[in-house]
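Data block below; observations after.
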Amino acid sequence: MILWIKTANKYTVPGLIVFCTLFIPSGVLSDDSEAEHLYQQHCSACHGLNRLGGVGPALLPQNLRRLKRDAAAQVISNGAAATQMPAFKSSLAPSEIKSLVELIYRPLDFVPEWGLDHIQSSHLRHYPEQLDVQPIYASDPLNLFVVVESGDHHATILDGDTFTPIHRFKTRHALHGGPKFSSDGRYVYFASRDGWVSKFDLYLLQTVVEVRAGINTRNIAVSSDNRYVIVGNYLPHTLVLLDAVDLSVIKVIPVDDGMGNSSRVSAVYDAPPRQSFIAALKDLTEVWEIYYGNNPPEQHNSEEASDDVSEFQVRRIPLNDYLDDFFFDQNYDNLIGAARNAKNGQVVSLDLGRKIADIDLPGMPHLGSGITWQHGDIPILASPNLREGVVSVIDMNDWETIKRIDTLGPGFFMRSHKNTGYAWVDVFFGPNKDVVHIIDKRSLEIVKTLRPQPGKTAAHVEFTRDGRFALLSIWEMDGALVVYNAKSLEEVKRIPMVKPSGKYNVFNKITKAEGTSH
Ligand code: DHE
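Residue numbering for the sequence shown is 440 to 957, as defined by our numbering.
Spelled out as structure tokens, the structure:
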């Protein structure tokens, strides 16, 4: 007998486990198995038998880190707006909702698999690839902003000259990290925390193709030759190489030390001059370089190991400490990272294949938070961090701290543009989460503190392609993008948006402009 269960919008056939558990009277179950029973009965059809996700997102502690338990209980009770998640408050008792919340924050007792077959079978083609087309709108395609509205899992395409939205569309659940662009600016690639990679055509305003490359994904990078997308995963412990045209799988690279110890990937980035991807690993004291060009550079460090595959050769750079997060210098010679002990940072020379300096980066900077600029003769790096209200300014010649700028609280993002004299940094946490400081890039002093909407989180700035305007998020469900004149620092326009998190200017991204994330 097959049991059909009605979910929000459709009938589905649950697996055998569902079938078995449904007939166990709940009175004889332990708390754990009762929660499991409720999960299989009400949630598994959309969120997967093992909580690995399906129509709905994966329900694992790794995927739920940004959601407080109270908020999770609210979603189960009341449903989630603009999704297929129904409200359960009339069918489940408060104690049952509580036990479901406990269950979804419990780690699985096995490392879930998401290999080649799973990835391939998730592949979705939405729209045929069309060559030689022009944008279907009059706006400058290189001065568009892609704005991720994390409040209701949408993205808005905004004209960067008129500050008018030209298109809004649904994205996968919980996009995270900067979307990545093809070098001509036609395509943008998004990654969700649940492992979905989506390719969106900015000329035709259509999602072209999607694939689920992991269960819990950190971020993606696109190769500078537009041929590959690489996906760094927490779950499973893999890097996944995709063809950037159709997102078909080229290779699944297990991330391990060859001695049975595997690792989560903290982040992976493209290093264009090196024709390689660089990955930081959470659980191994190594940095990986994966070559996609034709001529891998010569290795200078005899301690390094490399896999014996010639295509996508992996070079493993040994370190003394874990490297959680990093960014590159402007030439991609060095990477500057935060160490696990969060007491200082480390500089790793990619040519030499070893650490060349420790730097004073207290606390943990959020990835992609730091920016670099030329300060007189000195190239400098400035970064806020997530634990202390301070921006560290570091001389990139000798890696000494030249200034610590006190702010009104820990911050996530710092941004600037080569055509502006200011760098903007947010305060994301604490009583002053509603302020953004403006720092003079010459004097390294805060010259103005904006409070765009008292009591509401203000964060993440990005500039127009010419640097004349700065766009800032009011990071709330009834939020907005606030456009400022980057010189007079006066507000120019406010555009309502649903918790706009990141915003990304096509030109600044494809030219890897100074002052923004790459
Ligand atoms: Fe992020 C970028 C990791 C929490 C919003 N964040 C990134 C990147 C990484 C990262 C690896 C760079 C990816 C890229 O662009 O390719 N983020 C982490 C964490 O480890 C941390 C601290 C904990 C976690 O839950 O993973 C974390 N990040 C957050 C948030 O809580 C934020 C504020 C809200 C959210 O959406 O989860 C957040 N992260 C962002 C944004 C970017 C980002 C908006 C892209 C910034 C950019 O301008 O490029």
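For glycine and all other residues, C-beta sits at the position ideal for the given N, C-alpha and C.
Within 9 Å, strictly: CB atoms of Ala706 and Ile558: What you label residue 706 is simply residue 267 of the sequence shown in a count that begins at 1. What you label residue 558 is simply residue 119 of the sequence shown in a count that begins at 1. The answer is no: Cβ separation not under 9 Å.
beta-carbon Lys619 near the ligand DHE non-hydrogen atom, thresh 8 Å: The residue given as residue 619 occupies position 180 in the sequence shown. Yes, Cβ of Lys619 sits closer than 8 Å to a heavy atom of the ligand DHE.
Given Tyr673 as reference, the closest of Pro551, Gln569, Tyr667 and Leu597 once Cα atoms are compared: Counted from its first residue, the sequence shown places residue 673 at position 234. Measuring from the Cα of Tyr673, the nearest candidate turns out to be Pro551.
Nearest-angstrom Cα separation, counted from Val585 out to Leu380: Nothing about residue 380 can be reported from this structure: the residues present for the chain run from 440 to 957 only.
Cβ distance (whole Å) where Leu800 is taken to contact Lys842 below 8 Å: Mapped onto the sequence shown, residue 800 falls at position 361. Mapped onto the sequence shown, residue 842 falls at position 403. That belief does not hold up - the Cβ atoms of Leu800 and Lys842 are roughly 13 Å apart, past 8 Å.
Distance, Gly554 Cα to Tyr478 Cα: Taking the first residue of the sequence shown as position 1, residue 478 is located at position 39. Taking the first residue of the sequence shown as position 1, residue 554 is located at position 115. In this structure, the alpha-carbon of Tyr478 lies about 25 Å from that of Gly554.
Nearest-angstrom Cα separation, counted from Tyr708 out to Ala474: Counting from 1 along the sequence shown, the entry for residue 474 is found at position 35. Counting from 1 along the sequence shown, the entry for residue 708 is found at position 269. When rounded, the distance between both Cα atoms is 40 Å.
Spatial distance of Leu820 from Gly809 (CA atoms): The sequence position of residue 820 within the sequence shown is 381, counting from 1. The sequence position of residue 809 within the sequence shown is 370, counting from 1. Each residue's Cα considered, the two are about 7 Å apart.
Distance cut-off 8 Å: Glu884 Cβ against heavy atoms of the ligand DHE: What you label residue 884 is simply residue 445 of the sequence shown in a count that begins at 1. Checking the Cβ of Glu884 against the ligand DHE gives no.
8 Å contact criterion, which Pro960 and Tyr943 should meet: CB distance rounded: Here the chain has residues from 440 to 957 only, and residue 960 is not among them.
Check: Glu901 C-beta below 8 Å from any heavy atom of the ligand DHE: Within the sequence shown, the letter at position 462 stands for residue 901. The ligand DHE has a heavy atom closer than 8 Å to the beta-carbon of Glu901.
Gln892 versus Trp727 - alpha carbon distance: Counting from 1 along the sequence shown, the entry for residue 892 is found at position 453. Counting from 1 along the sequence shown, the entry for residue 727 is found at position 288. So the alpha carbons of these two residues sit roughly 43 Å apart.
Arg890: first and last residue of the uninterrupted beta strand (DSSP E) it sits in: By one-based count along the sequence shown, residue 890 stands at place 451. Per DSSP, Arg890 is not a residue of any beta strand (DSSP E), being assigned neither H nor E.
Contact set for His592: own chain, Cβ-Cβ below 6 Å, skip 5 residues either direction: Translated into the one-based positions of the sequence shown, residue 592 becomes position 153. The beta carbon of His592 lies closer than 6 Å to those of Thr610 and His612 in the same chain, with the five residues before and after it left out.
Straight-line gap, Leu570 to Val684 (C-alpha atoms, nearest Å): Locating residue 570 in the sequence shown gives position 131, counting from the first residue. Locating residue 684 in the sequence shown gives position 245, counting from the first residue. Linking Leu570 to Val684 through their CA atoms gives a straight-line distance of about 11 Å.
Euclidean distance between Cα positions of Ser940 and Ser912: Walking along the sequence shown from the start, residue 940 turns up at place 501. Walking along the sequence shown from the start, residue 912 turns up at place 473. Each residue's Cα considered, the two are about 7 Å apart.
Whole-angstrom C-beta distance between Asp633 and Ala532, which should lie under 8 Å: Position 93 of the sequence shown, counted from the first residue, corresponds to residue 532. Position 194 of the sequence shown, counted from the first residue, corresponds to residue 633. So it is not a contact: roughly 29 Å between Cβ atoms.
Cβ separation of Phe851 and Asp865, assumed to be a contact under 8 Å, to the nearest whole Å: Position 412 of the sequence shown, counted from the first residue, corresponds to residue 851. Position 426 of the sequence shown, counted from the first residue, corresponds to residue 865. By a beta-carbon distance limit of 8 Å, Phe851 contacts Asp865. Their separation comes to about 6 Å.
Assigned secondary structure, Val866 (DSSP; H/G/I helix, E/B strand, else coil): For the purposes of this step, residue 866 is taken as the residue at position 427 of the sequence shown. Three-state result, Val866: coil.
Identified DSSP bridge partners for Ala474: For the purposes of this step, residue 474 is taken as the residue at position 35 of the sequence shown. For Ala474, which the question treats as bridged, DSSP gives no partner whatsoever.
Start-to-end residues for the alpha helix (DSSP H) that takes in Lys541: Along the sequence shown, one-based indexing puts residue 541 at 102. Checking the sequence, you will find Glu at residue 541 rather than Lys. Its alpha helix (DSSP H) spans residues Pro533 to Ile543.
Neighbourhood of Lys926 by C-beta distance below 6 Å, restricted to the same chain and skipping five residues each side: Position 487 of the sequence shown, counting from 1, holds the residue named residue 926. Beyond the five residues adjoining it in sequence on each side, Lys926 comes within less than 6 Å, by CB distance, of no other residue in the same chain.
Runs of alpha helix (DSSP H) lying entirely within the region 775-847, each at least 4 residues, in chain order: Residue ranges of uninterrupted alpha helix (DSSP H) with 4 or more members are absent from the region 775-847; none lies entirely inside it.
Range of the contiguous beta strand (DSSP E) that encloses Asn395: In this structure the chain extends from 440 to 957, so residue 395 is not present and cannot be described.
Opposing strand residues paired with Ile717 [DSSP bridges]: Position 278 of the sequence shown, counted from the start, is the residue given in the question as residue 717. Under the DSSP definition of a beta bridge, Ile717 partners with Tyr708 and Glu728.
Cβ-Cβ separation, Ile817 to Ile844 (assumed contact under 8 Å), whole Å: Counting from one through the sequence shown, the residue named residue 844 turns up at place 405. Counting from one through the sequence shown, the residue named residue 817 turns up at place 378. By a beta-carbon distance limit of 8 Å, Ile844 does not contact Ile817. Their separation comes to about 16 Å.
Candidates Trp635, Arg657 and Tyr642: closest to Val648 by CA position: Here residue 648 corresponds to residue number 209 of the sequence shown, with the count starting at 1. Nearest C-alpha to Val648: Trp635.
Asp685: first and last residue of the uninterrupted alpha helix (DSSP H) it sits in: Your numbering for residue 685 matches position 246 in the sequence shown. For Asp685, no alpha helix (DSSP H) segment is defined, and its DSSP state is neither H nor E.
Buried or exposed (CB count within 10 angstroms, at least 16 for buried), Gln813: On the sequence shown, position 374 is the one that residue 813 refers to. Under this definition Gln813 is an exposed residue.
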